[in-house]
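> Residue numbering for the sequence shown follows our numbering, starting at 121 and increasing by one per position.
Every residue gets a Cβ at the ideal spot worked out from N, C-alpha and C, and that includes glycine.
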Amino acid sequence: MNRCHLAPGEKLKLGNSIDASLDLWSRGDVQTCTDWGAPVIWDGMFDPDHYDQEHRRNHSSVSLTVFAVGRYLDAYLEAFLLSAERHFMVALPVTYYVFTDVPERVPNIQLGPGRSLKVVRVQRHSRWQDISMMRMRAIADAIESQIRRYSRYVFCFDVDQVFVGRFGSEALGDSVALLHAYYYHRPQSLYTYDRNPRSRAYMETGDFYYHAAVFGGSWQTVKNMTETCYQTIMEDKENQVEALWHDESHLNKYLWLHKPSRVLSPEYCWSSDIGYRGDIYVTRMLWAKKKYDTLRITE
Numbered sequence: 121m122n123r124c125h126l127a128p129g130e131k132l133k134l135g136n137s138i139d140a141s142l143d144l145w146s147r148g149d150v151q152t153c154t155d156w157g158a159p160v161i162w163d164g165m166f167d168p169d170h171y172d173q174e175h176r177r178n179h180s181s182v183s184l185t186v187f188a189v190g191r192y193l194d195a196y197l198e199a200f201l202l203s204a205e206r207h208f209m210v211a212l213p214v215t216y217y218v219f220t221d222v223p224e225r226v227p228n229i230q231l232g233p234g235r236s237l238k239v240v241r242v243q244r245h246s247r248w249q250d251i252s253m254m255r256m257r258a259i260a261d262a263i264e265s266q267i268r269r270y271s272r273y274v275f276c277f278d279v280d281q282v283f284v285g286r287f288g289s290e291a292l293g294d295s296v297a298l299l300h301a302y303y304y305h306r307p308q309s310l311y312t313y314d315r316n317p318r319s320r321a322y323m324e325t326g327d328f329y330y331h332a333a334v335f336g337g338s339w340q341t342v343k344n345m346t347e348t349c350y351q352t353i354m355e356d357k358e359n360q361v362e363a364l365w366h367d368e369s370h371l372n373k374y375l376w377l378h379k380p381s382r383v384l385s386p387e388y389c390w391s392s393d394i395g396y397r398g399d400i401y402v403t404r405m406l407w408a409k410k411k412y413d414t415l416r417i418t419e
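Here it is as structure tokens:
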């Protein structure tokens, strides 16, 4: 495995001094940067204390958005928030934005210093696919109305997962994407891009297959990302088209056209069902046990 996929003479676009200590050559078993010079973050490449100190010095702050609609709130939200308190950006100020149709059922979690929680009421859609796709509009609206005033960075998560290890400031960047745990070892021919030419999410080829369960970046970039995905989703709806993997298909198209400045390895969102992989030294987030048979009932 090449440590860093760059053209001869091309340098890594680290962006700022925070990444000065990033060791691209500490992991010879995995790809540690992309063809366009963005780092791919794996355990062993960075000093956690260095990143925390630099981001505190720069007064970095983070908003976390998560959707807990319908039965998903009762099934997953409390465990998600409790684990985030233990592992997500613990060195920095964090504001949780919980989007839900039942605000009164959001659990009362004791938060640490510098951490707060805001509840945003959203409309309940009958199909889970529509809930998934419409979150892009809700996130963009929240960034415009609230988040941009308080946080430099935004991370967006699915609720049906739990933090199990450090998910820290080394993950912050202008545009952050996550390698999908089920596809990072597979050839590109098996990536499940949308192959329907009628869809705005259509892709003949790409760079990686990204997981929509985790994405983030500066508030400006995430606002543009979510607004663009929402626009292409609505254009598909007008043309009576639905992308194969809904908002994830549109996110992959966006990230192909607008390359992320930072890519997170699958250790940042791993599935225990995959089994042992020698290149996964640690797991930072795990998929929760799926309950689709009861949670995705159309009402």
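Who does MET405 pair with in a DSSP beta bridge?
PHE283
> Inspect the CB distances between the stretch 177-190 and the stretch 158-168 and report whether three or more fall short of 8 angstroms.
no
> Return helix, strand or coil for CYS349, following the three-state DSSP convention.
helix
> In the DSSP output, which residue or residues are listed as bridge partners for ASP219?
Checking the sequence, you will find Phe at residue 219 rather than Asp. Answer is PHE187 and VAL240.
> Below 8 angstroms, can you find three or more Cβ-Cβ pairs linking the stretch 377-395 to the stretch 253-271?
no
> Tell me the residue span of the beta strand (DSSP E) that contains PHE166.
PHE166 -> no beta strand (DSSP E), and no H or E assigned at all.
> Using CA coordinates, which residue listed in ASP149, MET345 and CYS153 is at the minimum distance from ASP139?
CYS153
> Specify whether the stretch 335-343 and the stretch 355-370 touch according to this definition: at least 3 beta carbon pairs, one from each stretch, less than 8 angstroms apart.
no
> Measuring CB to CB, does ARG320 end up less than 7 angstroms from THR341?
With respect to THR341, ARG320 sits apart: the two C-beta atoms are not nearer than 7 angstroms.
> Taking 6 angstroms as the limit between beta carbons, can you name the residues of its chain near VAL402, skipping five residues before and five after?
ASP163, GLY285 and GLU387
> For ARG177, which beta-bridge partners are listed by DSSP?
None, per the DSSP bridge assignment.
> Have a look at VAL279, MET165 and SER137 and flag the residue whose alpha-carbon is nearest the alpha-carbon of ARG147.
Of the listed residues, the one whose Cα sits closest to ARG147 is MET165.
> Just reading off the alpha helix (DSSP H) that SER385 is part of, what are its end residues?
Unbroken run through SER385: none, as it is neither H nor E.
> In the DSSP assignment, what are the bridge partners of ILE259?
In DSSP, ILE259 forms no bridge with anything.
> When you compare only the Cα positions, how much space is there between LEU142 and SER289?
13 angstroms
> Quick one: is GLN308 buried, meaning 16 or more other Cβ sit within 10 Å of its Cβ, or exposed?
GLN308 comes out exposed.
> Given 8 angstroms as the limit, is there contact between the stretch 273-287 and the stretch 205-224, that is, 3 or more CB pairs closer than that?
These segments touch.
> Within the same chain, show all residues whose beta-carbon is closer than 7 angstroms to that of MET256, passing over the 5 residues directly before and after it, in chain order.
THR346, CYS349, TYR350, ILE353 and ASP367
> When DSSP labels each residue in this structure, what does ARG320 get in the three-state scheme?
coil
> Less than 7 angstroms between the C-beta atoms of VAL182 and VAL218, yes or no?
no
> Could you tell me which residues DSSP pairs with ALA297 in its beta bridges?
VAL383
> For a test of the three-state rule: what should DSSP assign to TRP156, helix, strand or coil?
Per DSSP, reduced to three states, the secondary structure at TRP156 is coil, with no helix or strand assignment.
> Give the secondary structure of ASP304 by DSSP, where H, G and I count as helix, E and B as strand, and everything else as coil.
In the sequence on display, residue 304 carries Tyr and not Asp. In this structure, TYR304 counts as coil in the three-state DSSP scheme.
> Rounded to a whole number of angstroms, what is the C-alpha to C-alpha distance between ALA211 and ARG176?
8 angstroms
> Below 7 angstroms CB to CB, which residues in the same chain sit around LEU375 once its five sequence neighbours on both sides are set aside?
ALA297 and TYR330
> Out of VAL222, ILE229 and PRO168, state which residue places its alpha-carbon closest to the alpha-carbon of GLU198.
ILE229
> Considering only their Cβ atoms, is the gap separating VAL274 from ALA258 smaller than 7 angstroms?
no
> Look at the Cβ atom of TYR216, then the Cβ atom of ALA408, and state whether they are nearer than 7 angstroms.
no
> Quick check: what's the CA-CA separation for THR312 versus LEU406?
Taking the straight line from one Cα to the other gives about 21 angstroms.
> Using the DSSP secondary-structure output, state which residues sit across from ARG235 in a beta bridge.
Note: ARG235 sits in a beta bridge opposite VAL214.
> Report the option in CYS276, ARG315, PRO317 and PHE328 whose CA atom is closest to the CA atom of HIS300.
PHE328
> Round the Cβ separation of MET323 and LYS373 to the nearest angstrom and send it over; I've been treating them as touching at under 8 angstroms.
6 angstroms
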